[in-house]
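Residue numbers (the numbering used here), protein chains in the order written: chain A, 4 to 154; chain B, 30 to 149.
Think of the CB as a built atom: it goes at the ideal place given N, C-alpha and C, for glycine as much as any other residue.
Only a predicted model underlies this, so the values are computations on that prediction, with no experimental measurement involved.
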């Protein structure tokens with residue numbers, strides 16, 4: 004009887020964990036897509052010359068998309084291991100400063116292919132980190148580390 | 030002392046200078062941030078300044094850099110003293126990134142002013 008109860012509880016806990024891990028993995032997958040969309044917008048922005056009429060609209064759209072990807076930043080402690088989390092933070096700052104800083108808001112700015120390339124490079128790192136986080140979630144690695152008190 | 034960025038300035042601050050837009054970093058720094066910092070430093074107010082960003086929709090990096098990075102570069106303020114009196118407050122998860130980006134910027138500015146630190 005006791006073994007039945009233990010087995011039932013263990014099975015219930017496992018199914019609960021799997022449901023949570025699946026949901027977290029889905030969240031990471033969606034954010035992957037959000038980052039890709041954001042990168043495409045930002046790259047196009049830097050590959051084109053300033054156009055007075057539509058520039059503010061483009062910049063506003065980029066900021067709106069950035070606000071969307073910034074939401075995951077607040078959840079990184081729940082979804083990433085410590086090393087992944089720190090690197091994720093680093094690349095989030097890099098893309099914010101390099102891609103949305105400098106002459107981002109400057110009227111009459113020129114196209115800047117170098118910044119466009121940098122944007123793609125930074126987002127490639129972010130996407131890689133999100134894939135790692137998703138793998139850590141699905142394999143239970145992050146859960147194991149969390150119950151061991153690491154991260 | 031509290032600065033409610035959205036209420037006292039704009040919920041959508043962007044750009045560095047007037048040519049970039051009305052609600053730019055230089056205007057925020059000169060009209061709001063620097064006068065308050067000077068007052069707090071002069072009065073020795075231990076509570077410092079709470080920068081409330083809750084009503085802001087989003088920040089541009091160039092706005093933050095001009096507003097806060099410009100404290101030492103343009104205003105000649107002691108960044109370490111200014112950093113000690115500044116606190117950033119946000120309650121919305123979506124704004125945590127901008128809070129941390131702002132704090133990172135202040136820490137970098139502080140490190141840049143130390144004699145032995147690397148130059149930017």
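Next item on the list: Give me the Cβ distance between residue 118/B and residue 79/B, rounded to the nearest whole Å; I'm assuming they're in contact under 8 Å.
Entry: As a working mapping, residue 118/B is identified with position 89 in the second chain. As a working mapping, residue 79/B is identified with position 50 in the second chain. Their Cβ separation, rounded to whole angstroms, is 5 Å, which keeps residue 118/B and residue 79/B in contact under 8 Å.
Item checked: Range covered by the beta strand (DSSP E) that runs through residue 62/B -> Indexing the second chain from 1 puts residue 62/B at position 33. Unbroken run through residue 62/B: none, as it is neither H nor E.
Checklist line | Exposure of residue 101/A, with buried meaning 16 or more beta-carbon neighbours within 10 Å | finding: Position 98 of the first chain, counting from 1, holds the residue named residue 101/A. Its Cβ being crowded by 16 or more others within 10 Å, residue 101/A is buried.
Notebook entry, point to check: Which class does residue 117/B belong to by DSSP, given the choice of helix, strand or coil?
Noted result: Taking the first residue of the second chain as 1, we reach residue 117/B at position 88. DSSP places residue 117/B in strand when its eight states are reduced to three.
Check: If we count the other Cβ atoms within 10 Å of its Cβ and call it buried at 16 or more, is residue 95/B buried or exposed?
Finding: Counting from 1 along the second chain, the entry for residue 95/B is found at position 66. Result: buried.
Next item on the list: Examine chain B for any beta-carbon lying closer than 8 Å to the beta-carbon of residue 76/A, and answer yes or no.
Entry: Position 73 of the first chain, counting from 1, holds the residue named residue 76/A. So yes, residue 76/A belongs to the interface.
Checklist line | Outcome for residue 57/A when other beta-carbon atoms lying within 10 angstroms are tallied against a minimum of 16 | finding: As a position in the first chain, residue 57/A is number 54, starting the count at 1. Counting Cβ neighbours within 10 Å, residue 57/A comes out exposed, since fewer than 16 surround it.
Item checked: Range of the contiguous beta strand (DSSP E) that encloses residue 31/B -> Counting from 1 along the second chain, the entry for residue 31/B is found at position 2. Here the beta strand (DSSP E) through residue 31/B covers 31–33.
Check: Of all the CB atoms in chain B, is at least one closer than 8 Å to the CB of residue 96/A?
Finding: Residue 96/A sits at position 93 when you count from the first residue of the first chain. So yes, residue 96/A belongs to the interface.
Check: What in chain B is Cβ-close to residue 100/A, meaning under 7 Å?
Finding: On the first chain, position 97 is the one that residue 100/A refers to. Per Cβ cutoff of 7 Å: 90.
Next item on the list: Mind listing the chain B neighbours of residue 103/A? Cutoff is C-beta to C-beta under 8 Å, in chain order.
Entry: Within the first chain, residue 103/A is the residue found at index 100, counting from 1. 89, 90 and 91, listed in chain order.
Note to self: So the candidates are 31/B, 47/B, 51/B and 45/B; which of them puts its Cα closest to the Cα of residue 39/B?
What the structure shows: What you label residue 39/B is simply residue 10 of the second chain in a count that begins at 1. Here the closest residue by C-alpha is 51/B.
Next item on the list: Using three-state DSSP, classify residue 74/B as helix, strand or coil.
Entry: One-based indexing of the second chain puts residue 74/B at position 45. Coil.
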